[in-house]
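> Its first residue numbered 1103, the sequence shown is counted upward by one per residue in my numbering. Ideal Cβ placement from N, Cα and C applies to all residues, glycine included. The structure is given below, and queries will be raised subsequently.
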Amino acid sequence: MASAGLQIFGIFLASIGFLGDIIICALPMWKVSAFIGNNIVTAQVFWEGLWMNCVMQSTGQMQCKVYDSLLALPRDLQAARALVVISILIVFMGVLFAVAGGKCTNWFMDELCDPEHGSLAV
1103 MASAGLQIFG IFLASIGFLG DIIICALPMW KVSAFIGNNI VTAQVFWEGL WMNCVMQSTG
1163 QMQCKVYDSL LALPRDLQAA RALVVISILI VFMGVLFAVA GGKCTNWFMD ELCDPEHGSL
1223 AV
């Protein structure tokens, strides 16, 4: 079994991954397309995210619109949306289980109820 320091470091890394998952889920930059017309004035950048799409004009103005329905989302982004949400749930549960099962977590305060001498009664 790993030492308590390695377990804490693993929980720390998993927490960073959990925050990264949430940030990735919220950002609208999953698919980026650029359109440049005859001149730079008509340049536009299209961003498609899991929850909204955005258009940035060459003037720097950005307009975002939330998808009206799940069917308005392309199939690849539908799959990505499902996988990211599942990933967030799994990482959250993994961090909870890692904290609960770590060496540094003390669930039993009495010496009579330590995990080596007793069992958990339901």
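1. Do L1185 and E1150 have their C-beta atoms within less than 8 Å of each other?
2. Taking its Cβ as the centre, do 16 or more other Cβ atoms sit within 10 Å of N1155, making it buried, or is it exposed?
3. Our contact map puts A1202 next to A1116 with C-beta atoms below 8 Å; I'd like the distance itself, whole angstroms only.
4. Does DSSP put A1145 in a helix, a strand or coil?
5. Take the Cβ of L1121 as the centre, count every other Cβ of all protein chains shown within 10 Å, and call the residue buried at 16 or more, exposed below.
Taking the coordinates as given:
1. Translated into positions along the sequence shown, residue 1185 becomes position 83. Translated into positions along the sequence shown, residue 1150 becomes position 48. No.
2. To locate residue 1155, count along the sequence shown from 1; it is residue 53. Buried is the call here.
3. Walking along the sequence shown from the start, residue 1202 turns up at place 100. Walking along the sequence shown from the start, residue 1116 turns up at place 14. About 13 Å separates the two Cβ atoms, so there is no contact after all.
4. Counted from its first residue, the sequence shown places residue 1145 at position 43. If DSSP states are grouped into helix, strand and coil, A1145 belongs with coil.
5. As a working note, residue 1121 is residue 19 in the sequence shown. A residue is called buried once 16 or more other Cβ atoms fall within 10 Å of its Cβ, and L1121, having fewer, is exposed.
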